[in-house]
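Visitor: Below you'll find the structure I mean.
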Amino acid sequence: MSKLSKILDKKNMITGFVTAGDPSIEATKENILSLVEAGVEMVEIGVPFSDPVAEGPIVQSANVRALANGCTIHKIFDMIEELREKTQVPFVLMTYANPMYNYGFEAFCQKCKAVGVDGIIVPDVPYEENAELRAFAQQNDIELITMVALSSMNRLEKLVKEATGYIRLGASAKSFHQNKRTVEDMMAEIRKYTQIPVLFCGEVETKEEIERIQLYTDGVVLDNALVERIAEHGKNAGDKLKEYIGMLTGSVAKAQLTA
Amino acid sequence: MSEGRYGKHGGCYIPEVLMSEIENLKKSYEYYKNDEEFNKELQKLLTEYANRPSLLYYAKKMTEDLGGAKIYFKREDLNHTGSHKINNVLGQALLAKKMGKTRIIAETGAGQHGVATATAAALLGLECEIFMGEEDTIRQALNVYRMELLGAKVHAVKSGTRTLKDAVNECMREWTTRMDDTLYVLGSVMGPHPFPMIVRDFQSVISKEARAQILEAEGKLPDVVMACVGGGSNAMGMFYEFIKDEGVRLIGCEAAGKGIHTEETAATIAVGREGIFHGMKSYFCQDEYGQIAPVYSISAGLDYPGIGPEHANLHDTGRAEYVPVTDDEAVAAFEYIAKTEGIIAAIESSHAVAHVMKLAPTMRKDQIIICCLSGRGDKDVAAIARYRGVDLHE
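From first to last, the protein sequence lines stand for chains A and B. FYI, in the working numbering the residues of the first sequence are 17 to 275. FYI, in the working numbering the residues of the second sequence are 213 to 606.
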């Protein structure tokens, strides 16, 4: 098991996603520290992009705000470097292909290693296109995170066989619940090939929703729930984030008892 | 290297959620493209419904007026729905039907592809939803109403620059939420493999006909073949059968907007850099950080920050040339071809006409240019009037 898989070798994990630079790099830095303090196991940091095709309206708006406020990849790398003086919680950068291609795949992976990024997620580079990127990531001890969807059933073997870090199962909470049978089948299929953690990401918010998803997976990535709180409270979102995560981690303890 | 490459360009860069459906499309297309029944049905639609073959028209007055090469126009503007878009749409809509889909969705810029898609959906009994940038729904309000008349639902896309690229984003998002019964009918030779190949195959009927027609009319191949390029579907269709004819110069005319030295341009080959976006590796207008640039052109159909991967490769290999044409030049050509030949050509196609006007006088009288008139310009009349400061009341 890789470093990230070992750190994340737990059940009922609560992890989070934030868009870097929304509303400013300084605010993102404080918000990440608040999330860490509240006990999240890992933070995914979204690199804002002009055309985030895989995001819903809430994260799209965060991307627009971040770019309007002058967020760049250089500022994000500097922020991560500064954060590493304060925390060793895993950081995973989520970026669309073009900003990374523009930086250079290899240079990007080297920089990730240098500033202390543990993994990368590239939503628009699927398995069939990722050989080059995977090699650069490996050379720099960065995990290239594998994304799977409810439509991936017939592709699972090749997708997850060599997956490292964690597997990110993306779906809307609604479709997750409408397709529980598919989710169960997928988890069984994934476990034939790998034991690394599976985290669900898909607009979940309430304790109840999260508890239900925890029964099938190893944890959740909170996305809209965090991004909306940040959109509402801006640089003062820290306390709201802590309060929210605190409420959820209570729920996780309960789920562990009843599972 | 993965499938669907044109040199280093192309590929299939899309979120995992779409991959199984893209595989399904690829397999279905590979099967039906060689299926006799499918090809018979498509041929019937093209000849009996879309009005193919389109004319290859000798523009005698323009030729004499410009005093150089003989000018021919491939009249895609005379197709049903008024542009080349119908060639691809009939193919993809028929494919959707064979795949058991009951609903098609599409992006549109100028509205030509949206109208063509809505038309095919009406004819073949498919549900249809069109995504169009809010900015374009204003520029091309008449086409919005036209699509609605044909039974389609039109969504005005309010994200990003509210133009063609945002319509593509939204259409891709919509597809991920409903793949079982829906096919995304992409309108240009762009996007993830297999779309650039499928659209090129369906559009290559343009050059297949034009090549035979010019041999019939002149007994020789043309010296230059020309077309406007946004994503590049009419150009790819116009070039394709001539690629192997090495003596034929292929020229794509990009929308330079207010000029390639301004921010307000959409000339991808002139100002873009290599990148990965909208499912493909190709050239894109982008800033120093790889953010896709908000491009501009008077023509909603060419107002796109990328270019199809096969064009990117034709540029790399030098087989085709790409030249920028400004708004001013295109509008002048729009007016010139109307007065000289009695043809109101689309503002998109007028970009190619503008370059014909530059090039023809520099060529000998025994040389031949074929220019693709990709669409008719009725949709643009109001915008051209506004451009000239004329106040129209209907």
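Ideal Cβ placement from N, Cα and C applies to all residues, glycine included.
Give the C-beta separation of ILE481(B) and TYR516(B) to the nearest angstrom, bearing in mind that I take them to be a contact with Cβ-Cβ under 8 Å.
Guide: Actually they are not in contact, since the Cβ atoms of ILE481(B) and TYR516(B) sit about 12 Å apart, beyond 8 Å.
Visitor: Can you check whether the C-beta of ALA204(A) is within less than 9 Å of a C-beta belonging to chain B?
Guide: Contact with chain B is absent for ALA204(A), since none of that chain's Cβ atoms lies less than 9 Å from the residue's Cβ.
Visitor: For the beta strand (DSSP E) that contains CYS87(A), what are its first and last residues?
Guide: No beta strand (DSSP E) contains CYS87(A), which DSSP labels as neither H nor E.
Visitor: Going along chain A, which residues have a C-beta under 7 Å from GLN304(B)?
Guide: Under the 7 Å cutoff, chain A gives no residues; its nearest Cβ is about 20 Å from GLN304(B).
Visitor: Counting contacts by CB-CB distance shorter than 9 Å, is PRO614(B) in contact with chain A?
Guide: Within the shown structure, residues of chain B are numbered from 213 to 606, placing residue 614(B) beyond reach of any answer.
Visitor: What is the rounded straight-line gap between the Cα of LYS270(A) and the Cα of LYS223(A)?
Guide: For LYS270(A), the predicted model reports a pLDDT of 45, less than 50, meaning its position is unreliable; a value from the coordinates is still stated below. Their Cα atoms are separated by approximately 10 Å.
Visitor: My assumption, with CB atoms under 8 Å, is that ARG315(B) sits in contact with THR394(B). Please give the rounded CB distance.
Guide: That belief holds up - the Cβ atoms of ARG315(B) and THR394(B) are roughly 5 Å apart, short of 8 Å.
Visitor: Helix, strand or coil for THR180(A)? Go by DSSP, reduced to three states.
Guide: In the structure shown, THR180(A) sits in coil (DSSP, three-state: anything other than H, G, I, E or B).
Visitor: Helix, strand or coil for ARG264(B)? Go by DSSP, reduced to three states.
Guide: coil
Visitor: If you measure from the beta carbon of LYS238(B) to each beta carbon in chain A, is any gap under 9 Å?
Guide: no
Visitor: Answer with yes or no whether the minimum CB distance from ILE30(A) to chain B is below 9 Å.
Guide: No, ILE30(A) does not count as interfacial toward chain B.
Visitor: State yes or no: is the C-beta of ILE488(B) within less than 9 Å of the C-beta of ALA43(A)?
Guide: Cβ distance not < 9 Å, so ILE488(B) and ALA43(A) don't count as in contact.
Visitor: DSSP state of LEU242(A), grouped into three classes?
Guide: helix
Visitor: Ignoring anything shorter than 3 residues or poking outside the stretch 224-295 of chain B, list the beta strand (DSSP E) runs there in chain order.
Guide: 268-270 and 282-287
Visitor: Using a Cβ-Cβ cut-off of 9 Å, state whether SER371(B) counts as contacting chain A.
Guide: yes
Visitor: Within its chain, find whatever has a CB closer than 6 Å to the CB of ASN446(B); leave out the 5 residues flanking it on each side and keep chain order.
Guide: Cβ neighbours of ASN446(B) beyond the five flanking positions: HIS296, ALA439, CYS584 and SER586.
Visitor: At what residues does the beta strand (DSSP E) containing MET58(A) begin and finish?
Guide: Per DSSP, MET58(A) belongs to no beta strand (DSSP E) and is neither H nor E.
Visitor: Which residues bound the alpha helix (DSSP H) around LEU307(B)?
Guide: Where LEU307(B) is concerned, the enclosing alpha helix (DSSP H) stretches over 297-310.
Visitor: Beta carbons nearer than 7 Å to chain E: which residues of the stretch 132-146 of chain A have them?
Guide: Protein chains A and B are contained in the structure displayed, whereas chain E is not.
Visitor: Could you tell me whether the Cβ atoms of LEU462(B) and ALA532(B) are closer together than 9 Å?
Guide: Contact flag set, yes.
Visitor: Between the C-alpha atoms of ARG524(B) and ARG485(B), what's the straight-line distance to the nearest angstrom?
Guide: Correcting the residue type first, residue 524(B) is Ala in the shown sequence and not Arg. Spanning the two alpha carbons is a distance of roughly 10 Å.
Visitor: Can you tell me the Cα-Cα spacing of LEU335(B) and HIS405(B), whole angstroms?
Guide: 27 Å
Visitor: What does the alpha-carbon distance come out to for the pair GLY513(B) and MET569(B)?
Guide: 21 Å
Visitor: Determine, for MET110(A), whether the minimum Cβ-Cβ distance to residues of chain B falls below 9 Å.
Guide: no
Visitor: Of all the residues that make up the stretch 519-546 of chain B, which are near chain A by a beta-carbon distance shorter than 9 Å?
Guide: none
Visitor: Can you give the Cα-Cα distance for GLN425(B) and PHE121(A), rounded to whole angstroms?
Guide: 48 Å
Visitor: Find out if the Cβ-Cβ distance for the pair MET110(A), LYS45(A) is shorter than 9 Å.
Guide: no
Visitor: Report the residue from LYS258(A), ARG197(A) and ILE246(A) whose alpha carbon sits nearest the alpha carbon of ILE229(A).
Guide: ARG197(A)
Visitor: Along the chain, which unbroken stretches of the alpha helix (DSSP H) at least 4 residues long are found entirely within the stretch 213-264 of chain A?
Guide: 223-230 and 240-249
Visitor: Along the chain, where does the beta strand (DSSP E) containing ALA165(A) start, and where does it finish?
Guide: 162-165 is the extent of the beta strand (DSSP E) around ALA165(A).
Visitor: Helix or strand or just coil, what does DSSP make of GLN638(B)?
Guide: This structure gives no information on residue 638(B), because the portion of chain B shown stretches from 213 to 606.
Visitor: Can you tell me which of ALA505(B), GLU475(B), PRO536(B) and ILE596(B) puts its alpha carbon nearest to the alpha carbon of HIS567(B)?
Guide: Measuring C-alpha to C-alpha distances from HIS567(B) to each of ALA505(B), GLU475(B), PRO536(B) and ILE596(B) identifies PRO536(B) as the nearest.
Visitor: Taking only three categories from DSSP, how would you classify VAL268(A)?
Guide: Note that VAL268(A) has pLDDT 48, beneath the 50 cutoff, so the model's placement of it is unreliable and the number below is only indicative. In this structure, VAL268(A) counts as helix in the three-state DSSP scheme.
Visitor: Since I believe MET169(A) is in contact with MET202(A) (beta carbons under 8 Å), could you give me their beta-carbon distance rounded to a whole number of angstroms?
Guide: The C-beta distance from MET202(A) to MET169(A) rounds to 6 Å, short enough to fall under 8 Å.
Visitor: Select from the stretch 36-67 of chain A all residues with a C-beta closer than 8 Å to any C-beta belonging to chain B, and list them in chain order.
Guide: PHE65, SER66 and ASP67
Visitor: Going along the chain, which residues of its own chain have a beta-carbon closer than 7 Å to the beta-carbon of LEU264(A), five neighbours each way excluded?
Guide: ILE30, LYS223 and ILE226
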